[in-house]
Amino acid sequence: MADSTTEIAAPPRTTKKDAARKQIRGSSLLLSGRLLSVGLNFVSQVLIVRHLSTSDYGAWAYALSVVSFCQGFATLGLDRAISRFIPIYHEREEYDKLFGTIALVFGTILLTSSLLISAFFAMPDLIAKLMAEGKASFTLLYVLIFLIPVEVLDGLFMGLFASFSNARSIFFRKHVLGPLLKLAVVMLLMLFQSDALFLAYGYLSASILGVLIYVALFLRMLRQENLIGRWRASGMAVPLRAVFAFTLPMMTSDLVSVVIHSADALLLGYFHDATQVAYYRVVLPAAKLNTIVMNSFALLFTPTAARLFAKGDHAGINELYWKTAIWLAVLSFPVFALTFSVAEPLTLFLYGERYQQSGIILALLSLGYYFSAALGFNGLTLKVIGQLGYIVRINLAAALINVIVNLLLIPRYGALGAAIGTAGTMIVHNIFKQTGLRLAAGVSLFEKSYFSFYLLLALSACGLFVLQFAVETNFYVAVTLAAMISLFVIMVSKKRLHVAENFPELLKLPLIGKLLQ
900 MADSTTEIAA PPRTTKKDAA RKQIRGSSLL LSGRLLSVGL NFVSQVLIVR HLSTSDYGAW
960 AYALSVVSFC QGFATLGLDR AISRFIPIYH EREEYDKLFG TIALVFGTIL LTSSLLISAF
1020 FAMPDLIAKL MAEGKASFTL LYVLIFLIPV EVLDGLFMGL FASFSNARSI FFRKHVLGPL
1080 LKLAVVMLLM LFQSDALFLA YGYLSASILG VLIYVALFLR MLRQENLIGR WRASGMAVPL
1140 RAVFAFTLPM MTSDLVSVVI HSADALLLGY FHDATQVAYY RVVLPAAKLN TIVMNSFALL
1200 FTPTAARLFA KGDHAGINEL YWKTAIWLAV LSFPVFALTF SVAEPLTLFL YGERYQQSGI
1260 ILALLSLGYY FSAALGFNGL TLKVIGQLGY IVRINLAAAL INVIVNLLLI PRYGALGAAI
1320 GTAGTMIVHN IFKQTGLRLA AGVSLFEKSY FSFYLLLALS ACGLFVLQFA VETNFYVAVT
1380 LAAMISLFVI MVSKKRLHVA ENFPELLKLP LIGKLLQ
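Offset between the sequence shown (1-based) and the working numbering: plus 899.
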């Protein structure tokens, strides 16, 4: 059988409604786990900020930004090959290509990670010149640089479990055990009144242990899927051309992600001191809370969409896309209302007066992240249907825009300039991706029936944002208002979510059932 992923396979064994329903339900287990893990990680981050000085936290954040920057290039886009090709080869029972893809991805990424680490130790003086006050960050980098292969492997294993719809293993390892290990490291940091270097060694050790647990879980999953008996090293067919033809253009997605989410901190460290890095990075985890739902649904969206594409079910992809987009917009709204509309009171409550100026930075970043979530998986949809040329062009354009804007704003405005540049680029990039949906057969650019729904979300968030400045409120009043607005949005939008179709068991719960009926 040919490598082309555009072949039409056997007739669908499930309807498009079944696919969308299965994807939403499976993603919801991951969402509950992500809520738990984000909560634990967020507690860890707040404790770290409270424990370390502003400059020490800035050095820690800068070192992590360098790791994230390198990690984005270490994957060569191959992490996407797992979630796209594995479901297709498994669906077609092409086990030689399935195992060949796994071997290719893991081997290549271990090689690229090793080269990046070697380059760091070979050119320490050159790297040190990129830091305005880099002694503390550079010391941390000697430890954290080894997180590159560990974190990349962690992401690959998660993609493998998602490809086989094994949400429970992801739930346990990614959302329970991993965050608990890191929280334990932070508690030890505070108990021993230690420094950021202790934290770096602890984070690295926890991540290595997590990957080892993933290996054990993966071997067990292969036995459960009866795949171990189908593996033959001599019979593996490595689909080198098919995989790299798809993933190398996708490196531009990694480029734009690195530029948007990591390069800003690197530029802050170059033009300013660690304090400006701290002002920016301290609120970044809170802003990223807007992507909790999106990241959880993405794990199963790509394999589901890939299977529909393999069957030629374009109408099913369209339904999957818009149903998922509505769930993303509604479930992410309470976080957006809190981190955007009441950003300043939230910042003061979490991090104290020394980070007061980070409030407006949180609001800007939250706007960018929520805009991305509310429009749904436009980028993933374009990738699944093979619109690689368009993705490459818009990714390069977005990366160029971000670099130019940040170079203009960061030297003069510091952390505020970085927030403006980052949020603006995320919005422009998503407009590009949404426009590109017109290239997808059977996928609509925008469903007109959802216009009033999105207008409701925008007016609710902006109204609460204006109210915050018109009437001075404390944190607890602001949170109460955000909760009331969020409840109003959910009540108005419940018909759009088709709760009875996707989660009929929720209607049986005493309080939630009445709200969602």
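Where a beta carbon is used, it is the ideal one built from N, C-alpha and C, also for glycine.
Thinking residue i and residue j are a contact (beta carbons under 8 Å), I'd like their distance in whole angstroms, please.
i: glycine 1109; j: leucine 1080; result: 7 Å
i: tyrosine 1220; j: glycine 1275; result: 6 Å
i: leucine 977; j: threonine 1146; result: 5 Å
i: isoleucine 1309; j: leucine 1167; result: 6 Å
i: serine 1231; j: asparagine 1194; result: Wrong, their Cβ atoms sit about 11 Å apart, outside the cutoff.
i: threonine 1324; j: asparagine 1301; result: 4 Å
i: methionine 1120; j: alanine 1002; result: That pair is no contact at about 17 Å.
i: alanine 1360; j: phenylalanine 1235; result: 6 Å
i: leucine 975; j: threonine 1000; result: That belief does not hold up - the Cβ atoms of leucine 975 and threonine 1000 are roughly 14 Å apart, past 8 Å.
i: alanine 1099; j: leucine 1043; result: 5 Å
i: alanine 1322; j: alanine 1177; result: In fact, because the Cβ distance is near 19 Å, the residues do not count as touching under 8 Å.
i: isoleucine 1112; j: arginine 1072; result: 6 Å
Once DSSP output is grouped into helix, strand and coil, what is the label at residue i?
i: aspartate 1153; result: helix
i: glutamate 992; result: coil
i: glutamate 1050; result: helix
i: proline 1409; result: Residue placement at proline 1409 cannot be trusted, given a pLDDT of 49 that sits under 50; what the coordinates show is reported in the next sentence. Three-state result, proline 1409: helix.
i: serine 952; result: coil
i: threonine 974; result: coil
i: glutamate 1218; result: helix
i: valine 1388; result: helix
i: glycine 1211; result: coil
i: asparagine 1373; result: coil
i: serine 1171; result: Per the sequence presented here, residue 1171 reads as histidine, with serine not at that position. Three-state result, histidine 1171: coil.
i: glutamate 1124; result: coil
i: phenylalanine 1200; result: helix
i: isoleucine 1325; result: Before going further, note that residue 1325 is methionine rather than isoleucine in the sequence given. Helix, per DSSP.
i: alanine 1002; result: helix
i: methionine 1383; result: helix
i: isoleucine 1044; result: coil
i: methionine 1193; result: helix
i: methionine 1135; result: coil
i: valine 1176; result: helix
i: valine 1142; result: helix
i: valine 1229; result: helix
i: phenylalanine 1364; result: helix
i: phenylalanine 1063; result: coil
i: arginine 1337; result: helix
i: methionine 1057; result: helix
i: valine 1182; result: coil
Which runs of the alpha helix (DSSP H) at least 4 residues long sit entirely within the stretch 1072 to 1111? Give them in chain order. Listed in chain order, the complete alpha helix (DSSP H) runs (minimum 4 residues) inside the stretch 1072 to 1111 are 1077 to 1090.
Those runs of the beta strand (DSSP E) which lie wholly inside the stretch 1246 to 1323 and span at least 3 residues: If only uninterrupted beta strand (DSSP E) runs of at least 3 residues are considered, none is enclosed by the stretch 1246 to 1323.
Count the CB pairs spanning the stretch 939 to 956 and the stretch 1083 to 1100 that are closer than 8 Å, and state whether there are at least three. Flag = yes, the stretch 939 to 956 and the stretch 1083 to 1100 touch.
If we count Cβ pairs, one from each stretch, closer than 8 Å, do we get three or more for the stretch 938 to 946 versus the stretch 1013 to 1024? The answer is no - the stretch 1013 to 1024 does not touch the stretch 938 to 946, with fewer than three Cβ pairs under 8 Å.
Does the stretch 1045 to 1064 come within contact of the stretch 1164 to 1181, defined as at least 3 CB pairs closer than 8 Å? Short answer: they don't touch.
Inter-stretch contact (C-beta, 8 Å, three-pair minimum) for the stretch 1154 to 1161 and the stretch 977 to 986: Touching, no, given that fewer than three Cβ pairs across the two stretches are closer than 8 Å.
Does the stretch 1284 to 1291 come into contact with the stretch 1247 to 1257, if we say contact requires no fewer than three beta-carbon pairs (one atom in each stretch) closer than 8 Å? Fewer than three beta-carbon pairs drawn from the stretch 1284 to 1291 and the stretch 1247 to 1257 are found closer than 8 Å, and the two stretches are therefore not classed as touching.
Counting pairs of Cβ atoms below 8 Å between the stretch 1370 to 1387 and the stretch 1235 to 1254, do you hit three or more? Counting C-beta pairs closer than 8 Å gives three or more between the stretch 1370 to 1387 and the stretch 1235 to 1254, which meets the contact rule.
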